[in-house]
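Q:
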Amino acid sequence: MKTEQPAIQVTDLTVAYRDKPVLWDIDLTIPGGVLMGIIGPNGAGKTTLMKAILGLVRPSAGQVLVYGKPYAQQRRLVAYVPQRNSVDWDFPTSVLDVVVMGRYGALGWFRRPGKREREQALDALARVGMQDFASRQIGQLSGGQQQRVFLARALVQDAQVYLMDEPLQGVDATTERTILRILHDLRATGKTVVVVHHDLQTVSEYFDQVALLNVRLVASGPVAEVFNAATLRATYGGQIAFLEGRDPGRSAPEPRAGIAVS
Amino acid sequence: MELFTEIILIAIVTAVACALPGVFLVLRRMAMISDAITHTVLLGIVLAFFVVRDITSPVLVVAAAGAGVATVVLTELLSRSNRVREDAAIGLVFPLLFSIAVILIAQYAGRIHLDVDAVLLGELAFAPLDRFEFAGNDLGPRSLWLMSGILMVSLALLITFYKELKLATFDAALAAAFGFAPAALHYGLMSVVSLTAVGAFNAVGSVLVVALMVAPPAAAYLLTDRLPHMLALSALFGALAAILGCWVAFALNASIAGAMAVMTGLIFCLAWMFAPQRGLLAQVVWRVRQRWEFAQAMLAVHLLHHQATVQAVVECQAAHLSEHLNWPPAFTEQVVRRAEQRGLLVQQNGMLTLTDQGRRFVATILGGDEL
Chain A
34 MKTEQPAIQV TDLTVAYRDK PVLWDIDLTI PGGVLMGIIG PNGAGKTTLM KAILGLVRPS
94 AGQVLVYGKP YAQQRRLVAY VPQRNSVDWD FPTSVLDVVV MGRYGALGWF RRPGKREREQ
154 ALDALARVGM QDFASRQIGQ LSGGQQQRVF LARALVQDAQ VYLMDEPLQG VDATTERTIL
214 RILHDLRATG KTVVVVHHDL QTVSEYFDQV ALLNVRLVAS GPVAEVFNAA TLRATYGGQI
274 AFLEGRDPGR SAPEPRAGIA VS
Chain B
154 MELFTEIILI AIVTAVACAL PGVFLVLRRM AMISDAITHT VLLGIVLAFF VVRDITSPVL
214 VVAAAGAGVA TVVLTELLSR SNRVREDAAI GLVFPLLFSI AVILIAQYAG RIHLDVDAVL
274 LGELAFAPLD RFEFAGNDLG PRSLWLMSGI LMVSLALLIT FYKELKLATF DAALAAAFGF
334 APAALHYGLM SVVSLTAVGA FNAVGSVLVV ALMVAPPAAA YLLTDRLPHM LALSALFGAL
394 AAILGCWVAF ALNASIAGAM AVMTGLIFCL AWMFAPQRGL LAQVVWRVRQ RWEFAQAMLA
454 VHLLHHQATV QAVVECQAAH LSEHLNWPPA FTEQVVRRAE QRGLLVQQNG MLTLTDQGRR
514 FVATILGGDE L
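Going down the list, the sequences are from chains A and B. Basically this note's numbering = 1-based index in the first sequence + 33. Basically this note's numbering = 1-based index in the second sequence + 153.
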């Protein structure tokens, strides 16, 4: 699906909680087959942007298209990995069962998961190195293992677009390596992967495209073109002095004129 | 059927009907909403009674279920306004609706058998007196039919929407992203809870309904980590509380509803204390074992650090250990004995030496890469 049609096209999107805009007039194009990081300070609306793409929050204005159509018609094309702490890990269920839940969307109403779904789930668990934990209670997992289970649950959806909310937040080194390998595997097979990310040091290393968000979209595009001191300053405002000291965009070229600042 | 059998049957069916939706209430952390619903259904019953003037009309059941759902909606409206927290919202909504119902009964319905005591506590012993008759034949107690019907509806919905309900309870966002309408499922569940509360409070009263909806699932939750098992155990505990409660009530000539509620509490207490992994006893045993385990680990690390050094003679002397580790001598002795029994160390002329197994033990504790 690596065509000229973008995987996700966000147009004039404004989301507000009451009268407080969380996202202001976002225009964002995510081309197919890229690995894009979404970065921005706390409260920048990164999670809200994901939820708006998935139709989980209602926009005050604007629209989102997934491969040219509204999300409601394209549910099967999109897989979602929410933040790990968004669910109750004491819920009485097994690791395998959580991964099988990824197939529920494809099954639709009423149809029960069967042997086929369990096999797909086991395959996905093997891909994230968690096959030995299939029958564990989910509450017994470490944070990194929980994140890998969530990733496996997204993998069984066999989608075209993967939206992941902070999958690398607070995980161990093994999990980080596993997740990165899978992100690259997904991109290699033409999938589009969008990741909310918090570590500026690793942006240039991990992603080929980046969107800098702080209520408004500051810039988006290939990392080499848009990830630099000027856009970071525009995104992070007062925090930039400390950021410049750490030289986050070291592999990016020097700030250049004509950056797309919306 | 004998009276005794009929009462027990009504109790069992009621308990199971309450325990099943109760599982989802407990998992959704909404147990207290059942308290609100069981009270406000009364308003629905009273209002419907004024319209149809017939205490046995099925309209009453529907109206009561409607009042239950209205309670949930009002509570959510209040808490969503961000001016009141959810628990306070429940505390605001249901006494208001309930007290309106109480006033209406006292003012206008005093003649009929809607009295407040019966609503709060119910009287299972009288339930078989209200017969269901069809074409002149006695088909058994009306509340047995009513509760069996409600149980069947509840079971059918649970089986049909099991997958969707499970996902919406565990991860509502994913359920919404898949298009499973978690809000609709939520109100569907609340309708079932309301319907069950109406049917049940006729027989057992609203206070006991809460006990039957919360205690069996809470006990089951401590004993299993699979949802189907939790549902089955919850139903089983409900039925068990019903049987034991009836039995105790008959033996002591006490209130059946009260005895059943006590039994649900007792079952929960037993699970809370003796559950294999999450029970109090298991936790205490685990903590004690951890304490010995950790003491042995400290001892083994100490020995490893010193056994190849010149101070070994002093540091690894069984007699001097208490001093070095600053442990009470009796405790040190215990730890050494336990470690010896496990084969972690050997004692020769009062000198302690780690075995190979002891070295591996230390290696796993220190994470391997530090050795």
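The C-beta atom is built at its ideal place from N, Cα and C for all residues, glycine as well.
If distances are taken between C-alpha atoms only, which option among A:Y195, A:Q38 and A:E199 comes closest to A:Q179?
A: If we check each option's Cα against that of A:Q179, A:E199 comes out closest.
Q: What does A:I41 pair with, by DSSP beta-bridge criteria?
A: Partner(s): A:I63 and A:V99.
Q: So, is A:G223 buried or exposed, given that buried needs 16 or more other C-beta atoms within 10 angstroms?
A: Under this definition A:G223 is an exposed residue.
Q: Is there a Cβ of chain B sitting closer than 8 angstroms to that of A:P20, yes or no?
A: What is shown of chain A runs 34 to 295, which leaves residue 20 of chain A out entirely.
Q: Only counting the same chain, and skipping five residues up and downstream in sequence, which positions put a Cβ closer than 7 angstroms to that of A:K35?
A: Below a pLDDT of 50, predicted positions are generally treated as unreliable, and A:K35, at 46, falls in that range; the measurement from the model is reported next regardless. Within the same chain, A:K35 has close Cβ partners G65, G66 and G223.
Q: Smallest Cα separation from B:S475: which of B:L405, B:Q460 and B:H455?
A: Closest by alpha carbon: B:H455.
Q: Along chain B, in chain order, which residues have C-beta atoms closer than 8 angstroms to that of A:V132?
A: Neighbours of A:V132 on chain B: none; closest Cβ ~12 angstroms, over 8 angstroms.
Q: Between which two residues does the beta strand (DSSP E) carrying B:L498 extend?
A: L498 to Q501 is the span of the beta strand (DSSP E), which, as asked, contains B:L498.
Q: Which residues, in chain order, does the stretch 330-358 of chain B contribute to contact with chain A at a C-beta distance below 8 angstroms?
A: Against chain A - using a Cβ distance shorter than 8 angstroms - the residues of the stretch 330-358 of chain B are A330, F331, G332 and F333.
Q: With 8 angstroms as the C-beta to C-beta threshold (strictly closer), list the residues of the stretch 370-396 of chain B near chain A in chain order.
A: Cβ contacts with chain A: Y374, T377, D378, R379, L380, H382 and M383.
Q: Whole angstroms are fine: how far does the CA of B:A325 sit from the CA of A:G177?
A: If I take the Cα positions, the gap works out to 22 angstroms.
Q: Skipping 5 residues on each side, what residues in its chain have a beta carbon closer than 7 angstroms to that of B:T417?
A: Result list for B:T417: A364, L365, A368, P369 and A394, in chain order.
Q: Would the beta-carbon of B:Q470 fall within 8 angstroms of that of B:G503?
A: Yes; because the gap between Cβ atoms is below 8 angstroms, this pair is in contact.
Q: Please classify B:E317: is it buried, with 16 or more other beta-carbons within 10 angstroms of its beta-carbon, or exposed?
A: Buried.
Q: Alpha carbons only, please: which of A:R136, A:T225, A:Q164 and A:D45 is nearest the one belonging to A:L250?
A: The shortest C-alpha separation from A:L250 is found at A:D45.
Q: Would the stretch 437-455 of chain B count as touching the stretch 382-390 of chain B if we require 3 or more Cβ pairs under 8 angstroms?
A: With the cut-off at 8 angstroms, the stretch 437-455 of chain B and the stretch 382-390 of chain B do not touch.
Q: For B:I163, which residues from the same chain have a beta carbon less than 8 angstroms from its beta carbon, with the 5 sequence-adjacent residues on both sides left out?
A: Excluding positions up to five away in sequence, the list reads L277, A280, P281, P294, S296, L297, M300 and A356.
Q: Looking at the C-beta of B:F177, does it have a partner C-beta in chain E at a distance below 8 angstroms?
A: This model lacks chain E altogether; the protein chains it does include are A and B.
Q: Using C-beta distances below 6 angstroms, list every residue in its chain close to B:T485, excluding the 5 sequence neighbours before and after it, in chain order.
A: So the qualifying residues of the chain are L474 and S475.
Q: Does DSSP put B:M366 in a helix, in a strand, or in coil?
A: The answer is helix: DSSP assigns B:M366 an H, G or I state.
Q: Between the stretch 97-129 of chain A and chain B, which residues of the former have a C-beta closer than 8 angstroms to a C-beta of the latter?
A: Under the 8 angstroms Cβ criterion, the stretch 97-129 of chain A contributes A105, R108, V111, Y113, P115, S119, V120, D121, F124, P125, T126 and S127.
Q: Cα separation between A:A94 and A:V43?
A: One C-alpha to the other measures close to 11 angstroms.
Q: Using the C-alpha atoms, what's the distance from A:T207 back to A:A159?
A: Answer to the nearest angstrom: the Cα atoms are 14 angstroms apart.
Q: For the stretch 302-324 of chain B, list every residue whose C-beta sits within 9 angstroms of some C-beta in chain A, in sequence order.
A: Listed by position along the chain: T313, F314, Y315, K316, E317, K319, L320, T322, F323 and D324.
Q: Kindly list the residues whose CB is nearer than 7 angstroms to the CB of A:R108, restricted to its own chain and excluding five residues on each side of it in sequence; keep chain order.
A: Counting only Cβ-Cβ distances below 7 angstroms, and skipping sequence neighbours, we find G138.
Q: Verify whether the separation of the beta carbon atoms of B:T167 and B:A353 is less than 8 angstroms.
A: Closer than 8 angstroms, so yes.
Q: Going by DSSP, name the residue or residues bridged to B:N290.
A: According to DSSP, B:N290 bridges with B:F287.
Q: Quick check on A:G254: does DSSP put it in helix, strand or coil?
A: Strand at A:G254.
Q: Using only alpha-carbon positions, find the residue among A:W142, A:A167, A:D205 and A:Q153 that is nearest to A:V175.
A: The amino acid at residue 175 of chain A is misidentified as Val; the sequence shows Ser. Nearest of A:W142, A:A167, A:D205 and A:Q153 to A:S175, Cα basis: A:D205.
Q: Could you tell me which chain A residues have their CB closer than 7 angstroms to the CB of B:L180, listed as they occur along the chain?
A: Those within 7 angstroms of B:L180 in chain A are F124.
Q: Give me, in chain order, the residues of the same chain whose beta-carbon lies closer than 6 angstroms to that of B:M185; leave out the 5 immediate sequence neighbours on both sides.
A: Correct list, in chain order: I243.
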